[in-house]
Every structure is written in structure tokens, then in C-alpha cells.
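Structure first, commentary second.
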Amino acid sequence: MASDSAFKRLPANPADAVEIWVEGQAVTARAGDSVAAAVLAAGLGPTRTTPVSGSPRAPYCMMGVCFECLMEIDGQPNTQGCMILVTDGMKVSFQRGARDIPECSA
Amino acid sequence: MNAGLTPGCTDADVSVIGGGLVGLAVALGLQDHGRQVAVIDEGDIALRASRGNFGLVWVQGKGDSCPDYARLTRQSARQWRRFADGLTDATGIDIQLSQVGGLYICLTEEELQQRQQMLSSMRDALGGDYPFEVLDHSALKARVREIGPTVAGATWGPEDGHVNPLFLLRAMVERFLKRGGQLLTCGPVSRITPVNGGFEVLAGDHRIGCSKVVLAAGLGNKALAPQVGLFAPLEPNRGQVLIAERVRHFLDYPTGHVRQTAEGTIQCGDSKEDVGFDCGTTTDVLAAIAARAVRMFPLLAQVRLVRSWGALRVMTPDGYPIYQQSEQYPGAYLVTCHSGVTLAAAHAGPIATWIENGQQPDEFSLETFHGQRFSV
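These protein sequences, in sequence, are chains A and B.
Residue numbers 1 to 106, in this note's numbering, belong to the letters of the first sequence in order.
Residue numbers 1001 to 1376, in this note's numbering, belong to the letters of the second sequence in order.
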């Protein structure tokens, strides 16, 4: 569900541009952005669906508390997007439902 | 009833001191008998065992040195489904009760043997009526595919289960309020005064007049009990809990150390420490809990932890509850235990009935739980 982002960049604090890949789509972020901020600024999301009801969610508290911003970041599922800074070439996909954990071979 | 007519004053048939799982269960049972009940809660400074626990409705191994406690526990477990359905019907809250049996996982053969002996002697003490199974590694693996390769086995209790303890507490509060109960969060109770065969309870600036008073304040009972001629030798025992992220469902049964909630969250625990009133956490204990959980379920090594906390169990010297009416001030009752989840159905049932009309439970002897046993 694409929608106009309510998040506007301030003209101050110019920073180096960083390119990340969100759901296979190239997104230009700024060095120092969290993944959650970069995704919101790009107007992308919802960024996860809940394991309980499947309803869509997006980053909310932006400070590591609410766990609404869980995404798969560079292959790591259930990662808090607001706690991770973007790096060039980072691959982000949205978290759908509960994360899977591979079975261990016993 | 003239409850609430005078500011700062309340009248009720019964005052229950303590708004946790124990106090609310008794209060709900008394409401079933048509009583007007006031629950007096300490507020957010309370130690709140009801918000820190593991959510088990657990039978196996409980009462290994006290058959009446085993009977009480099993009766409560049997009544739990009806209790849960009643809460859900009244409030619409699904408290996620599951009673499909539980596993006590033993890492070593020696541990498994000791556990088998303990449960066998319980079965003897209960005249053969105590269902359990001992599962060796392969029998355990047949039930839980993700079990670790070095785990010796488990004991299986068909009567065990678990519930979401936070939804439970919320549902109990809602049902209590819907039935016209008064929940007073007016700070700790400073004084209980016997007056004219009844009682006056002072909590902050609030005064509650009642004909009966039930002490269900967890560790707070220790200081309150002597005011009504009772004795509550309670000490805190800390348990630390680890919470991991939500993951796909893999664990169908609660265990004594690890459980997966209906939402997929992993909860690990079962440490025991005597550290006074400190409900903090320590790295060494949390690390030991995590290491044991990973040995039980190696796939947990990949799972991230998101929270931890410590909570204080409410323990008597022998670990069993005290259910007692004051001889000096009849109408004052002490209800204290450390299994507020498992025993909730019994507290709302036979224990509330006993407080209401003195009727003794059929299935266990209340005398066993008299506080006199600690007087020498």
C-alpha cells in the first residue's frame, strides 16, 4: 500500500547518500539514517504483518521499544529497523508473520 | 449498600486486600455468592508476583511432600476450563488456556530417575491415582521434534497446562468490575481494625467498613497478618525470566523451563534465589537459564532475547499455602500461596465458598494449610 510519506527531510544536516535495497527496490537514504527512518522517508510500508492477526504495521516509536518496525535486514529476520543504521548496499525486506527458525539437524 | 456515599468511605460485605491473581480469584468467588466485594490494591509500588510469573497451570510434581496439596492442585486444574470459559464469556478476553499436558524436561539420566522416583512416590501416596509418564529421549523426540540431542528425557503430566497470565489478570479485573466490585487502588493498607464483629480497613485516606476481610496481599501479608491475630511467615524467592522474540510455533506443550505463548513468544525461566526484596536481574543467572534452554531446544540459539525481569515468589517455609481464619478475630482470613495461576480456579471455587459459609472442601483438608504448622 503506497502512500505519501508524512516524513519530510530537514534541509539541514546534509549527509552522504547511501543506497539500500528495500523489497528489491533501490532506495536512497542518508548516512546516519536508521533503516526504519529510511523506509518511512521513502514512503514504503507497511513494514511487517503481525504474527497474531496478520494485520499490517509500520515503525512507530523509533527508539527500540515497540517492536513494530521488525524487518529482515541483510538476512536477519525480526530485526528492529529503528535500531540499525543503513549501510551501502544493505538488503531489507519486510517481516511477514512470525519469523521462521530453521530446524537443527540433531 | 451505601457504598461511595461518603467520600473516602466504602462499605462492602468483604474487603479483599491485594488485587493480584489470588485476591481477585477469591473476590470473584465471593461475588458468585452474591457478596459486595471491595478489592484494595497497593498500586504500582506493589511487588506484583501476578505480573511476573510463568503462566503455568501445573500439576505434576506439586505436593511431593504433601498429598493434600497435590489434591488441591489437581482439583484446581480440573476446574480451570470452566473458570476460564466463565471469564471469557463475561469479558470477551481469550486468556489462551491450553491444558494438553506438560513436559518436565530432564537433561541427565540421573535427573530423570530422581524425577521418576518422586512422581512414583506421589502416586503411592495418592493411592495410585496420579497420572504421569516417563519419556526417554526417543519418546520425547516423538512429541517434540526440536528437542536437543543430549537431553535424557522428560516426565509427562497429562493434567498440566498454561495460560496467558496477563490476559488472565485483565479478564479477572474486568469481570470483577462488571459484577459491581469495587477496585480501590488507594495505596498500601496501613491498618485493619476489628470493630463490632466486623473490620475497618484504612488504606491511605480511604476507610473501608466490612464484615469480613481477606488478606491476599502476597508478601505484604507478613506485616498485615498480626493486626488480625494471624501469622504469615513469608519470604521472597526470586525467579528470573527471559523473553525471546516471536518465532514460528514449534512447542506444543508447556515445560517447567521453557514455554511458547500463543503468539509465538518464548519464555524461559525457573531460577530460584534468596536475595530479599530485590527483583532485579543478573547476567550469570540469565546466562544459565539461556544455556539450559538452548540445550533443551538447540534451535533457540538462533533466537534473539528481547526482555528479562525478576519477580518474587511468595514463599512459606514449606512452600505450601496458608488458608486460615483468625481465631482471635473470626471473619479475618489469610489466603497466601506461590501458585496464584494454578490455584486461581480453586481460590474462586472451594476457598471462596469456605470464606463465605465455612463449608469445608471435599477433596482436600483445609487443616493441612493452617498456619499453626509453623508454630513450634
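From the three backbone atoms N, C-alpha and C, an ideal C-beta is built for every residue, glycine too.
Bear in mind that the values here come from a model prediction, so they are computed numbers and not experimental data.
The CB of A/D100 comes closer than 9 Å to the CB of V1247, R1248 in chain B, given here in chain order. Interface annotation for the region 1287-1318 of chain B against chain A: F1297, P1298, L1299, L1300, A1301, Q1302, V1303, R1304, V1306, criterion Cβ-Cβ distance under 9 Å. Think of a sphere of 7 Å around the beta carbon of A/N78: the chain B residues whose beta carbon falls inside it are E1245, R1304, in chain order. Straight across, the Cα-Cα distance linking B/P1298 with B/V1173 is about 39 Å. Checking the DSSP bridge columns, you'll see A/I20 partnered with A/V27. In this structure, the straight-line span from the alpha carbon of B/A1225 to that of B/I1095 is close to 32 Å.
For the pair B/T1336 and B/I1355, the CB atoms are not nearer than the 8 Å cut-off. Pairing B/L1097 with B/G1161 gives a Cβ-Cβ distance under 8 Å. Secondary structure within the region 1203-1247 of chain B: the beta strand (DSSP E) runs of 3 or more consecutive residues, fully enclosed, are 1206-1215, 1235-1244 (chain order). Closest in C-alpha terms to B/P1165, from the list B/F1231, B/N1221, B/R1145, B/Q1267, comes B/Q1267.
Taking all protein chains in view, the Cβ of B/F1132 is crowded by 16 or more other Cβ atoms within 10 Å, so the residue is classified as buried. Taking C-alpha positions only, B/L1072 is separated from B/D1205 by approximately 38 Å. Apart from sequence neighbours up to five positions away, the residues of its chain that approach B/L1184 with a beta-carbon distance below 8 Å are T1010, A1038, V1039, I1040, D1041, A1203, H1206, I1208, ordered along the chain. Legend: CB atoms of the region 1137-1167 of chain B lying less than 9 Å from CB atoms of chain A belong to residues K1141, R1145, E1146, I1147, G1148, P1149. At a C-beta separation below 9 Å, B/E1263 has these neighbours in chain A: T50, P51, V52, A98.
Listed as beta-bridge partners of B/A1012 by DSSP are B/C1210.
Nearest to B/G1092 by C-alpha distance, out of B/G1018, B/A1171, B/Q1113, is B/A1171. DSSP places A/C82 in the helix class (H, G or I) of the three-state scheme. Here B/I1017 is buried. Its C-beta has 16 or more other C-beta atoms within 10 Å. For the alpha helix (DSSP H) assignment, the uninterrupted runs of no fewer than 4 residues enclosed by the region 1127-1209 of chain B are, from N- to C-terminal side, 1137-1143, 1165-1178.
B/R1248 sits exposed, since fewer than 16 C-beta atoms from the chains shown fall within 10 Å of its C-beta. In this structure, the straight-line span from the alpha carbon of B/E1327 to that of B/G1229 is close to 7 Å. A/Y60 and A/G54 have their alpha carbons spaced roughly 17 Å apart.
Along the region 23-73 of chain A, the beta strand (DSSP E) occurs as fully enclosed runs of 3 or more residues at 25-30, 70-73, listed in sequence order. Excluding residues up to 5 positions away in sequence, L1242, A1244 lie with their Cβ nearer than 6 Å to the Cβ of B/L1305 in the same chain. A distance of 8 Å or more separates the beta carbons of B/G1220 and B/G1331.
Sequence-distant partners of B/F1054 (beyond 5 residues in either direction) whose C-beta falls short of 6 Å from its own C-beta, in its chain, are G1269.
Per DSSP, reduced to three states, the secondary structure at A/L10 is coil, with no helix or strand assignment. Proximity of A/E68 to chain B, defined by a Cβ-Cβ separation below 8 Å, is not satisfied. Shown here, B/L1343 sits in coil according to DSSP, grouped into three states, outside any helix or strand. A straight line joining the alpha-carbon of B/P1361 with that of A/C66 spans about 46 Å. Around the CB of B/T1150, fewer than 16 other CB atoms lie within 10 Å, so the residue is classed as exposed. Of the other Cβ atoms in all chains shown, 16 or more fall within 10 Å of the Cβ of A/I73; this residue is therefore buried.
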